[in-house]
């Protein structure tokens, strides 16, 4: 069951990530692929017993960030634009492919060597209560700094989107 | 198929990160490049949460939460910059906005 869900969610996440990068017709298609990718990643988080992070992923990413993207795309009425005019450089392409394959093999070997069964965790692992308690006791300073950062971000976004720069 | 372990999740995270990096390198539409940056941040989050499960320690999830906060702020400010750029230059092509190039 877990294995089947893992394969479904990871295929959806990787496939729609390719859709984000590969859809040349319109940025709207990229944004819709991004939603699918974010939702699949939320499923993977829940498979990893991280319920709180999975919920926040759905609310913040799929619910807020992608809507903001769609809103801006529609506000600006953007048309599609193709990929870069990739110059034909066979040596660079061959070198790049070589580095990519070697890097993947090296990463897979390193990770496979450290492959260990997961430890059992208590039922409260990753719940909103457990994460909330940690956030508001050990990490309370980080929460405060994050709040100040969000406030600065709101002010900056309003000022930037309003003002005409010359 | 067999049992799913942290190894599988790390490989998925690496794949998504690479796709995001590829998007930033290949695409010239600023909004799509921005979405690719979001993909890379999400891949890093998946890696963090996966290690958190593997070690049975919730600190990775807290760090992932902080990454999401920073990503949300970054999207708000970045999209405001893009709106402002489009108003002034009427383009989302990154090649047309090279005033900062030395």
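Protein chains in written order, with the working numbering: chain A, 239 to 404; chain B, 101 to 202. Think of the CB as a built atom: it goes at the ideal place given N, C-alpha and C, for glycine as much as any other residue.
From the options, residue whose alpha carbon lies closest to that of residue i
i, options, result
"residue 278 (chain A)", "A:248, A:306, A:302", "A:248"
"residue 156 (chain B)", "A:380, A:364, A:298", "A:364"
"residue 369 (chain A)", "A:270, A:276, A:293, A:243", "A:293"
"residue 377 (chain A)", "B:184, B:166, B:104", "B:166"
"residue 139 (chain B)", "A:287, A:266, A:258", "A:258"
"residue 171 (chain B)", "B:112, B:144, B:192, B:118", "B:144"
"residue 161 (chain B)", "A:400, A:382, A:254, A:366", "A:366"
"residue 302 (chain A)", "B:180, B:176, B:159, B:158", "B:176"
Beta-carbon proximity of residue i to residue j, cut-off 8 Å
i, j, result
"residue 164 (chain B)", "residue 273 (chain A)", "no"
"residue 131 (chain B)", "residue 311 (chain A)", "yes"
"residue 251 (chain A)", "residue 116 (chain B)", "yes"
"residue 149 (chain B)", "residue 387 (chain A)", "no"
"residue 308 (chain A)", "residue 269 (chain A)", "yes"
"residue 384 (chain A)", "residue 152 (chain B)", "no"
"residue 147 (chain B)", "residue 355 (chain A)", "no"
"residue 180 (chain B)", "residue 306 (chain A)", "no"
"residue 184 (chain A)", "residue 109 (chain B)", "Any property of residue 184 (chain A) remains undetermined from this structure, which presents chain A solely from 239 to 404."
"residue 314 (chain A)", "residue 183 (chain B)", "yes"
Cutoff 8 Å: residue i Cβ touching any chain B Cβ
i, result
"residue 276 (chain A)", "yes"
"residue 305 (chain A)", "no"
"residue 207 (chain A)", "An answer regarding residue 207 (chain A) cannot be provided, because it is not within the stretch 239 to 404 covered by chain A."
"residue 332 (chain A)", "no"
"residue 370 (chain A)", "no"
Euclidean distance between Cα positions of residue i and residue j
i, j, result
"residue 264 (chain A)", "residue 375 (chain A)", "46 Å"
"residue 192 (chain B)", "residue 372 (chain A)", "42 Å"
"residue 328 (chain A)", "residue 340 (chain A)", "18 Å"
"residue 119 (chain B)", "residue 255 (chain A)", "7 Å"
"residue 199 (chain B)", "residue 137 (chain B)", "22 Å"
"residue 135 (chain B)", "residue 189 (chain B)", "21 Å"
"residue 128 (chain B)", "residue 358 (chain A)", "46 Å"
"residue 239 (chain A)", "residue 174 (chain B)", "37 Å"
"residue 348 (chain A)", "residue 159 (chain B)", "23 Å"
"residue 185 (chain B)", "residue 142 (chain B)", "26 Å"
"residue 360 (chain A)", "residue 338 (chain A)", "39 Å"
"residue 101 (chain B)", "residue 245 (chain A)", "Here the model assigns residue 101 (chain B) a pLDDT of 45, short of 50, so the residue's position is not dependable, and the following value carries that caveat. The straight-line gap from Cα to Cα measures roughly 9 Å."
"residue 300 (chain A)", "residue 111 (chain B)", "23 Å"
Distance between beta carbons of residue j and residue i, contact taken as under 8 Å
i, j, result
"residue 267 (chain A)", "residue 261 (chain A)", "4 Å"
"residue 298 (chain A)", "residue 280 (chain A)", "About 10 Å separates the two Cβ atoms, so there is no contact after all."
C-beta neighbour in chain A for residue i, strict 8 Å
i, result
"residue 152 (chain B)", "yes"
"residue 104 (chain B)", "yes"
"residue 158 (chain B)", "yes"
"residue 198 (chain B)", "no"
"residue 137 (chain B)", "no"
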